[in-house]
Every structure is written in C-alpha cells, then in structure tokens.
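Position one of the sequence shown corresponds to residue 1 (UniProt numbering), numbered consecutively onward.
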Amino acid sequence: MKFIDLFAGIGGFHAGLEKAGHTCVGWVEWDKFARQSYQAIYDTDGLYTATDIQKVKGVDLPDADLWTFGSPCTDISLAGRKEGLKGKHSSMFFEIIRCLEERVQAQKELPAFLLMENVKALLSSNGGWDFARVLIEMDKVGYDCEWKVYNTADYLPQNRERVYIVGHLRKKNTAQIFSRPGQSSAADRQSQRKINIVGNVKKPTQTSRGDRYIVLGDGLAPTLLATNYKAPLKILIRKRTHKIVQIGNTSTSKSYGGNPTVGRTYSLGGIAPTLNTCNGGGRVPQIITDDLAIRRLTPRECWRLQGFSDDQFDRAKDAGLSDTQLYKQAGNAVSVPVVYDIGKRLHFA
Numbered sequence: 001m002k003f004i005d006l007f008a009g010i011g012g013f014h015a016g017l018e019k020a021g022h023t024c025v026g027w028v029e030w031d032k033f034a035r036q037s038y039q040a041i042y043d044t045d046g047l048y049t050a051t052d053i054q055k056v057k058g059v060d061l062p063d064a065d066l067w068t069f070g071s072p073c074t075d076i077s078l079a080g081r082k083e084g085l086k087g088k089h090s091s092m093f094f095e096i097i098r099c100l101e102e103r104v105q106a107q108k109e110l111p112a113f114l115l116m117e118n119v120k121a122l123l124s125s126n127g128g129w130d131f132a133r134v135l136i137e138m139d140k141v142g143y144d145c146e147w148k149v150y151n152t153a154d155y156l157p158q159n160r161e162r163v164y165i166v167g168h169l170r171k172k173n174t175a176q177i178f179s180r181p182g183q184s185s186a187a188d189r190q191s192q193r194k195i196n197i198v199g200n201v202k203k204p205t206q207t208s209r210g211d212r213y214i215v216l217g218d219g220l221a222p223t224l225l226a227t228n229y230k231a232p233l234k235i236l237i238r239k240r241t242h243k244i245v246q247i248g249n250t251s252t253s254k255s256y257g258g259n260p261t262v263g264r265t266y267s268l269g270g271i272a273p274t275l276n277t278c279n280g281g282g283r284v285p286q287i288i289t290d291d292l293a294i295r296r297l298t299p300r301e302c303w304r305l306q307g308f309s310d311d312q313f314d315r316a317k318d319a320g321l322s323d324t325q326l327y328k329q330a331g332n333a334v335s336v337p338v339v340y341d342i343g344k345r346l347h348f349a
C-alpha cells in the first residue's frame, strides 16, 4: 500500500514499511539535518514533500492508504516537559487531525489506516486524558483505534517501549492487526527479565543512597537517551559474560533515589538503554571494552540499535552529518524492525 511519512525524522517508518513491501509517496519533516539524512538514505525524487506540517494543506497531500506519524513526544516523555498534548511540541498531533478534516470537507479520499507512534507515557499522561483525547479526535474524523505497546528489546538489544496506535477508517471495515501473532508476541517472554541492583560504588549518606550503582543480572538496561551528550554514559563489558553491569550514574539529579534513568550506564553485552534525542556530544553512552578501556558507543552502533543498516548510516554520514546530529537522529527515530512487523500485519488487514 502507499503511505505518507509525517514527522518523518530519518525515516524509521519509511525503512520498515518499505522493507515490508509498501511504497512511500510523500514525507514531511521540519528539521533540516533530519531532511539531509532522509534524502541521502532514500530515493525521494518525485515524492511529495514539505517542511512545516502547520502549513501543509490536507487537500494537497497525495492519495495514500496509510499515514504514519510519530508526533513529537517532548511534552509527554518522562524525560521531557510533561505538559501533555497541550505542550508546544506534542500538540502537533492536532495538525494531523486538521489535515484529515480538510480532506473530509473537500470530499477527498481518506487513508484507510493511520499509524501513530509515541512514548508509553502517552497512556498515562494527564491521568490518561491525553490518550483518551487522541482516541476521541481520531473517532471524530472516522477512525476506530487499536493499540499495542511494543518493546524494541523483542527485536534488538535496546529497551525501548513505545505505544503504536492503528486507526482504521470506519467505512473501510478493515480487520484488526494486533490480534494476529507476530514476532513480538513470540518474544514477549524475553522482556520479562529483571535488573537487580547488587551494589553501590559511591558511599551513601543519611539523606542519599549515592548516585553510582552496580547492577548485575540477565536483565534489560533502560532506555538509551539521545540527550546523553551532556553527561556520558559509561558501560562495562566483562569477558566471557553476557550479564548487564551498571557501573555508574553521571547525573546529579536526586530523582529515582539518586539513580535517574538518564544517567545510568550499562554493559554492551546486555541490552542497551533506550536511545533518545539527547545521545550526542558529552552524553553519548560509553562502554568499557574487554581490556577495561572506556569508549563511547559510536553513532553507527546507535543506528544499529534502532535497526538501520550500515549502508543507511553510511549514506547519512557521507552526506556531511556531524556525530552530534547522528546521535540525536538515532534517539529520535522509530525502531525499524517494529515498524516492519506492523507493516507485514497490514497486508492482512
């Protein structure tokens, strides 16, 4: 089926859906560096494109069977401003609704499907009312919704929980897709592994547990953030072991008992923390190699953790993108294999 890639970033939706046999007919992206990478990675000749979703007219968009969008999660994310859908960034969701309403008014064909990705926190943002608002707005323009929380750890060594919402155009009477078995449901058992704190490398005080912890176990490391360029994450690998070891926390925040997620550091031998928009510059995740030498995760490794191929990374790198931008783009991206799984299911809807 044909799809339009809205809030496209570097094209995680594009890569996954194209791999699943679907065809992109248009894309919209604001960030000039993300556009630079997108155009380097994909053949965009002849595709509809625009930069500012607020200036896009719904009637001008090409006909498509599917619209994909991961509207900015900054105001919803636990690492963000927590302003919900009222926030400046996350309110961009309503631009999608506006474009759909404009097509309804002009009696233009609507896409049979909407595919939205956002942070898991959307489900509980503002007491759940933000998620309810998403469903209500989609209902008003004629879509019934289903949703599922996917974890990238079921496909790749990164713990990244995201909610995916599929809107079905009511008059099309399409079948549910998340009720079908897929790779994620078969691998769900793997996501049940736990992390155990077994030590503290900084002496606690009467008012603090300390801010550097040792974590040991066959668990999943937390989300690797793209804001990690301000305070590097350090990750330790032990020889001949696949256990996860948290050897430090570079954040000075007192949240989470002095061990905030954004500063935790883990082993390369286990599951990487979630990539987000802050993994550039001085906050790039770091690892200690087998000879105990510390190094950062490279931009290439971060792109791999999101499911992009080395060829796709090389195209972006060769287009002149800085390491800082490459880190941020990996953190902002949608995980390719998750989208591929959903894309395969769409063939049967």
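The beta-carbon is built from N, C-alpha and C at its ideal position, and this holds for glycine as well.
Sequence-distant residues of the same chain with beta carbon closer than 7 Å to residue i, five excluded per side
i    : result
L321 : F33, Q36 and S37
L61  : I4, G26, Y48 and C99
Y150 : R162, Y164, S184 and V338
V56  : V28, A50 and C99
E102 : K57, G58 and V59
C302 : L275, N279, Y327 and A330
K148 : Y164 and F178
F308 : A15 and V336
D52  : W30
Supposed close pair residue i, residue j - CB separation, criterion 8 Å
i    : j    : result
E95  : Q39  : Not a contact, Cβ separation roughly 22 Å.
H14  : Y48  : Actually they are not in contact, since the Cβ atoms of H14 and Y48 sit about 13 Å apart, beyond 8 Å.
L6   : W67  : 6 Å
L318 : P299 : Residue identity check: residue 318 is Asp in the sequence provided, not Leu. About 13 Å separates the two Cβ atoms, so there is no contact after all.
C99  : G58  : 3 Å
R162 : K120 : 6 Å
D65  : A112 : 5 Å
L156 : S335 : 7 Å
N332 : G9   : 5 Å
Residues near residue i in its chain [Cβ-Cβ closer than 6 Å; skip 5 each side]
i    : result
Y340 : G16, K19 and A20
C175 : Reading off the sequence, residue 175 comes out as Ala, not Cys. Within the same chain, A175 has close Cβ partners A349.
C145 : L135, M138, I165 and G167
Q325 : F33
K2   : T23, V25, A64 and D65
F131 : L122 and L123
Buried versus exposed call for residue i [16 or more other C-beta atoms within 10 Å across all chains shown]
i           : result
E117        : buried
A106        : exposed
N173        : exposed
K171        : exposed
S179        : exposed
K344        : buried
residue 354 : Within the shown structure, residues of the chain are numbered from 1 to 349, placing residue 354 beyond reach of any answer.
R240        : At R240 the pLDDT is 43, less than 50, meaning the model places this residue with poor confidence and gives no usable figure here.
P204        : Note that P204 has pLDDT 41, beneath the 50 cutoff, so the model's placement of it is unreliable and the number below is only indicative. Result: exposed.
D45         : exposed
Extent of the continuous beta strand (DSSP E) to which residue i belongs
i    : result
V134 : No beta strand (DSSP E) holds V134; the alpha helix (DSSP H) holding it covers W129 to K140.
H168 : E161 to L169
E117 : F113 to V119
I4   : K2 to L6
D144 : Y143 to N151
L66  : L66 to F69
8 Å Cβ shell around residue i - same chain, five flanking residues per side excluded
i    : result
Y143 : L114, G167, H168, L169 and R170
D31  : G9
V141 : I97, L100, E101, V104 and L110
Range covered by the alpha helix (DSSP H) that runs through residue i
i    : result
L17  : G12 to K19
A40  : K32 to I41
T324 : D323 to N332
E109 : No alpha helix (DSSP H) holds E109; DSSP gives it neither H nor E.
K55  : Where K55 is concerned, there is no enclosing alpha helix (DSSP H), given that its DSSP letter is neither H nor E.
D311 : D310 to D318
G26  : Unbroken run through G26 is the beta strand (DSSP E), T23 to V28; no alpha helix (DSSP H).
F178 : Where F178 is concerned, there is no enclosing alpha helix (DSSP H), given that its DSSP letter is neither H nor E.
P299 : P299 to R304
Y340 : V336 to L346
L122 : Taken as a continuous stretch (DSSP letters only), L122 belongs to no alpha helix (DSSP H), as it is neither H nor E.
L156 : Taken as a continuous stretch (DSSP letters only), L156 belongs to no alpha helix (DSSP H), as it is neither H nor E.
L100 : F93 to Q105
The ligand ADP heavy atom lying under 7 Å from the CB of residue i
i    : result
A316 : The model on display carries no ligand, and the ligand ADP is accordingly not part of it.
Okay, do the stretch 298-312 and the stretch 95-107 touch, 3+ Cβ pairs below 8 Å being the bar?
-> At 8 Å Cβ cutoff, the stretches do not touch.
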